[in-house]
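Beneath this line is the structure, given in structure tokens, with notes to follow.
There are 4 protein chains.
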Amino acid sequence: MNSFGHILRLTTFGESHGPAIGGVLDGVPAGIVIDRNFIQERLDRRRPGQSSITTSRSESDRVELLSGIFEGRTLGTPIGFVIPNTSSRPADYDKLRDVCRPSHADYTYMAKYGHRDHRGGGRASARETACRVVAGAICLKALSDMGIEVFAYTSSIGGIECAKQASQVDPAGIETNPVRCPDYNAAEKMAEEIKKVRGEGDTLGGTVTCVIRGVPAGLGEPVGDKLHTMLGAAMLSINAVKGVEFGDGFAAAAARGSEMNDAFTAAGADGKPSFATNHSGGIQGGISNGADIVLRVAFKPVPTLMRPVEGALASDGRTITLDCGGRHDCCVVPRAVPVVEAMAAISIFDAILLNRSSRI
Amino acid sequence: MNSFGHILRLTTFGESHGPAIGGVLDGVPAGIVIDRNFIQERLDRRRPGQSSITTSRSESDRVELLSGIFEGRTLGTPIGFVIPNTSSRPADYDKLRDVCRPSHADYTYMAKYGHRDHRGGGRASARETACRVVAGAICLKALSDMGIEVFAYTSSIGGIECAKQASQVDPAGIETNPVRCPDYNAAEKMAEEIKKVRGEGDTLGGTVTCVIRGVPAGLGEPVGDKLHTMLGAAMLSINAVKGVEFGDGFAAAAARGSEMNDAFTAAGADGKPSFATNHSGGIQGGISNGADIVLRVAFKPVPTLMRPVEGALASDGRTITLDCGGRHDCCVVPRAVPVVEAMAAISIFDAILLNRSSRI
Amino acid sequence: MNSFGHILRLTTFGESHGPAIGGVLDGVPAGIVIDRNFIQERLDRRRPGQSSITTSRSESDRVELLSGIFEGRTLGTPIGFVIPNTSSRPADYDKLRDVCRPSHADYTYMAKYGHRDHRGGGRASARETACRVVAGAICLKALSDMGIEVFAYTSSIGGIECAKQASQVDPAGIETNPVRCPDYNAAEKMAEEIKKVRGEGDTLGGTVTCVIRGVPAGLGEPVGDKLHTMLGAAMLSINAVKGVEFGDGFAAAAARGSEMNDAFTAAGADGKPSFATNHSGGIQGGISNGADIVLRVAFKPVPTLMRPVEGALASDGRTITLDCGGRHDCCVVPRAVPVVEAMAAISIFDAILLNRSSRI
Amino acid sequence: MNSFGHILRLTTFGESHGPAIGGVLDGVPAGIVIDRNFIQERLDRRRPGQSSITTSRSESDRVELLSGIFEGRTLGTPIGFVIPNTSSRPADYDKLRDVCRPSHADYTYMAKYGHRDHRGGGRASARETACRVVAGAICLKALSDMGIEVFAYTSSIGGIECAKQASQVDPAGIETNPVRCPDYNAAEKMAEEIKKVRGEGDTLGGTVTCVIRGVPAGLGEPVGDKLHTMLGAAMLSINAVKGVEFGDGFAAAAARGSEMNDAFTAAGADGKPSFATNHSGGIQGGISNGADIVLRVAFKPVPTLMRPVEGALASDGRTITLDCGGRHDCCVVPRAVPVVEAMAAISIFDAILLNRSSRI
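Residue numbers (the working numbering), protein chains in the order written: chain A, 90 to 449; chain B, 90 to 449; chain C, 90 to 449; chain D, 90 to 449.
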């Protein structure tokens, strides 16, 4: 339904043009020092209108934290929050009341529920992911206190690939450009491609790579809640995501075992081994091995073009050509980077809490 | 932990060289007619030693159904089952007691639990997937009664690709060759590659494509339990899986929106629209649209080579070269086909049951 | 943690003196017609200051529905809501910052979390139950549309018992008196006892009986989620509840089998049997039999007296006598009646949705 | 459905006259030393035919542990087990195939599922509780290693009450008599009453009191998973249970606040306070306070009399008088004592594991 997680559990609510969106993060341990500005800053990284390459539609997205934090520290009780929907202009959407846009959730929601909130995608709007960023910020803070660093970056847009390997990326370099790609050469090409394709009224997909550094070995549960499963499910719940892979992923499927094995290197002073390579992306048998966790998420291009699209479905069962109008992103991938980080942080923190029961 | 699903819930247990493996499938509706032979046949498709390209290790894998079925029909109560471990030769594994093989779960289980059953992978053995095949067979039967067909096939091995598109595949043609690839030309090349690589003591990965036909529109829950998430989590819990994608998946991330939109075609006599293309793989906004669901799963090559591997970790923290011996598959992909089908069937049946609550 | 239910799931948040309390009701089927006034009316039945026998502290308790309802009908998406805390006077609670009141949650929250929101009970305040009343109102409406009636009443206060049997109670007669007891003679005695005991600065407990009429046979799941369990867990999660019983309950434990059997009477025109008696309270083997469900809930007297209490724990480990001051209910039982109804409605609606999967 | 618990999760399966009953206990931490004899001994305490006052039907109830334990210690992986049904005589039950016994689960299972296993109660048989005793034994061992003692005893049968208070009971004295009552005077009267009532072909109910000593303060989650809820749900899932109360329970509902408050006594050398009284039964605000947890469970008399019962429902909708025959317990309460202990142990161990996430 509308929840994620096991011990740490996020439930979100809200349609994009109702009074507000929001959520409840339950299961947060007591005693985490919370800086409200940090949460708002994370939210600002996701909001529309933040840079030259995102939609010109500007939303302020102010989060109100309603519970679970007292005198600057988490209480152990659920953290409830809302983000009011301020820029709502429902009349903009009247033409969508009886029409289903192709490759959108309009038709599938109708098929499931029999009616829908047609304004701006309703519950299916990517606006919902703002709630995940709020919850993720709390988890990122907790992980940071444990020495765990979570960061993501744009690893491709429209086929233009970031040439830097995940292991080489310095997270400080990601925010230096609006596409959030640490390979500045590629970043420039991506920005140009976005401008060009936007000029044609078309849209672009891309991939986001996420790296989690400093994770202890032992996270993830056997069989049903492998770390692959927990992280993968989190990613696959994000709007427009059509694939996820870990380590060498699909490339590993074309390789030989002798090329893919991550040999141990002798244990260090702390008694913990290292690994000569990281084809596994830090997960073996579904459980973290202490190396960097590396995963890559595929975002399809958004289906709403800035030009008329053919093959929309009218209420009488005929197909029509539809001009959606509105101000949309040509490429959501840069704005999806903080969402991927948030979902990774929620999953890893949940895995850490679950793992507290692994031994008597 | 060791469970899957929401209303329909599979919990499995068992180490590969303990007395037995088994499971409980809870939440199965009453009244499904069950043929015990059908379940055993599905299990036989997964077992070792079934063909020239799998391991020569032969296991009989007889399932004993212990509850939940009475006079040939499901009772609505949990279906408990066990599969005794008959070919157990624990002494074969003595050399692994204090050694962690590279890219295996040996080290990660030790890091998590402090000790492990070292015999044949213990809980991390792919033998556990036999339990999923048993539960999946029950779900496949229920889905078949509703007119829903689930099938999977080998879509690549070691970089050799099946040239047939998912929409063109006739499931009757899959079992005609031991690699389970419906493109017979590719199947032959794959079988040759397996023989060649096995001769070199190395292993191969590959991909399995799964197609689900006849699914009604409306399956999948918004946000937290999208059909992407439910199916993806199921796949990512399978041993050796490192990635999953839906429809055009990672290729969609390199394309433009105008290329990826699935235009509606006018609704037919039943009032339901069709789609001109299926880039979405039958899922939009996380909910099925009635087109074929198509997903692809990446399996890494198994890390146990049939030759010594470097970089194993000894108990004293040094690395050693290890000869695992034993009789292992060079490529598990063909045997993974029924596992993928089983996990897909469990997930889809669960989604169907969840969807019974979508409207008042 | 802070959730109830299986398919239908309520998660609440909020401390009594933070900015707001609220919740998310997830899993509500689409298409239920919702009257916002009805929800507010239910909430008004719970609020303080509603009658001569409740606390003179008046709280307005206005619910804001933020999502999940569109054009008067449920969308199938989560219903998020908040109730702002308007009458917050945190300074009133300064004296409780470092003191644990006896028989309160002050000490147990400190033991669990290491710190707490000391203002008005924080998360442990019965104010949280307002959120359950909001969610319960939505469920009551859905049940009412199916012909299922849920009502509760005060069945004893301070040992004064309601003489009417559950089967004789006309729900229309419950609201005619402020104690919500359908035996008007007892109601008058209860009101007098409350006034007398309040005058002494003491408090009173009591019991609430809940009746659910029109429930179909077949609700409740075998073994783990019996209807006893689902309803009982819901009741035992209410503040100050120390016991729950079904049908003849504890009295049945002192009786013989021959006295407790509910004989069938011949099936009627609809093919459904009736029962000569209802010692079982409408539940047999954990599953509803179609007779009225009857349960009784025990509320202990509130521990905050309107006079100094001995045995409070100071931060230095010594015990002190504490005058809590404030304006508290002498007896919360009448205000708990709508909370019991709400929890019963949530549980029964959840059981109805779960039961949609009982047969293929 | 057929599961209990949150992090620690028991799922059971099996009909009383199928091939076997069994279960899976998932979420057990690694490293608990397990003595298989101890588990079998616990099971023997529940089995039929163990003493002069139980049914003469003797069942051997041998548990087979199939997984999750290796070299005498838990692995952290699920513990699967089966108990074969050896004394099955299905033909004994032919007369029940088309008849529903009054106050049994026969009718409610039919209403729910449309058909049922009529042999010996099928899934609704109390035989299922043997699986809980197995899982409970593992939890009792883990709790014992932590210094937590769980014991239960018969506190009333047919209205004859145990005069000893819970705080006075020495667990060593419970097994000295077949009714398992630590008040030997009452025990004798209970045994006589059972013999007398059995001679009349009738049955008796009773209550079981459970005490948990040595529990740390802080167990139980706010609001949704209070310790009342977790323990209460566990008890209400046991066959024939119709009520549960904590501490003074229903008696508290008739008392005044001044009588029910548990005053703190000054903290001891360990910094932890004690309590002058224990009306709360060790739980305040849903969370343990460190005092003994005390709860009482009401069992109705079994509905199967050893004489003909009126008001059974035949398949044609008429009512008949039915002679069930068979060898049944006159009073199941003494045999329910180990089941109550098992469910308490499972719940408390789960609460301990959940509580590991209460603080950062």
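Ideal Cβ placement from N, Cα and C applies to all residues, glycine included.
| query | result |
| --- | --- |
| Where B:G225 falls: helix, strand or coil (DSSP) | helix |
| Listed by chain order, chain B residues near D:D195 by CB distance under 7 Å | What D:D195 touches in chain B: nothing, since even the nearest Cβ is about 13 Å away. |
| Helix, strand or coil at A:T175 [DSSP, three-state] | coil |
| Interface flag, B:L114 vs chain C, CB-CB below 8 Å | no |
| Candidates C:Q139, C:G321, C:V391, C:D124: closest to D:E348 by CA position | C:V391 |
| Closer than 8 Å to chain D by CB, C:L185 | no |
| Where D:R302 falls: helix, strand or coil (DSSP) | strand |
| Neighbouring residues, chain C, relative to A:E149 (Cβ below 9 Å) | Reading the sequence as shown, one finds Ser at residue 149 of chain A and not Glu. By Cβ distance, chain C contributes nothing, its closest Cβ being about 17 Å from A:S149, past 9 Å. |
| Closer than 8 Å to chain D by CB, B:L477 | Chain B is shown from 90 up to 449; residue 477 of chain B falls before or after that span and cannot be answered. |
| CB contact below 8 Å: A:T166 versus chain D | yes |
| Exposure label - C:G414; buried when at least 16 CB within 10 Å | exposed |
| Contact list for B:R98 against chain C, beta-carbon separation under 7 Å | In chain order: nothing, as chain C lies at least about 11 Å away. |
| Beta-carbon separation (whole angstroms), C:T175 vs C:S149, contact threshold 8 Å | 6 Å |
| Listed by chain order, chain E residues near C:K201 by CB distance under 9 Å | The displayed structure is made up of protein chains A, B, C and D, and chain E is not among them. |
| Backbone secondary structure at C:K331 - three-state DSSP | strand |
| First and last residue of the uninterrupted alpha helix (DSSP H) at D:I283 | 273-288 |
| contact_flag[the stretch 252-259 of chain B, the stretch 332-348 of chain A] where n(CB pairs < 8 Å) is 3 or more | no |
| Terminal residues of the beta strand (DSSP E) in which C:I382 lies | 382-388 |
| Terminal residues of the beta strand (DSSP E) in which C:Y242 lies | 238-246 |
| Below-8 Å beta-carbon distance, C:S447 vs any chain B residue | yes |
| Nearest-angstrom Cα separation, counted from B:M319 out to A:E399 | 31 Å |
| Alpha carbon of B:I327 to alpha carbon of B:H193, nearest angstrom | 14 Å |
| Three-state secondary structure (DSSP) of B:R445 | coil |
| Cβ pair D:I142, D:A280 closer than 8 Å | yes |
| For C:E250: DSSP bridge partner residues | C:S245 |
| Exposure of A:K389, with buried meaning 16 or more beta-carbon neighbours within 10 Å | buried |
| Residue-chain proximity (D:M90, chain B), Cβ-Cβ < 8 Å | yes |
| Neighbourhood of D:E217 by C-beta, 8 Å cutoff - its chain only, sequence neighbours within 5 removed | T101, G103, S105, I110, N328 |
| Contact with chain A by D:P305, beta-carbon distance below 8 Å | no |
| Buried or exposed (CB count within 10 angstroms, at least 16 for buried), A:R186 | exposed |
| Interface flag, D:F159 vs chain B, CB-CB below 8 Å | yes |
| Beta-carbon proximity list for B:N367, same chain, < 8 Å, skipping 5 on both sides | S256, G336, D351, A380, D381, V383 |
| When B:P108, B:T163, B:K184 are compared against D:I158, the one with the closest alpha-carbon | B:P108 |
| Cβ-Cβ distance between C:A434 and C:L154 below 8 Å | no |
| Per-residue contacts from A:A231 into chain D (C-beta, under 8 Å) | I449 |
| Euclidean distance between Cα positions of B:L97 and B:T163 | 13 Å |
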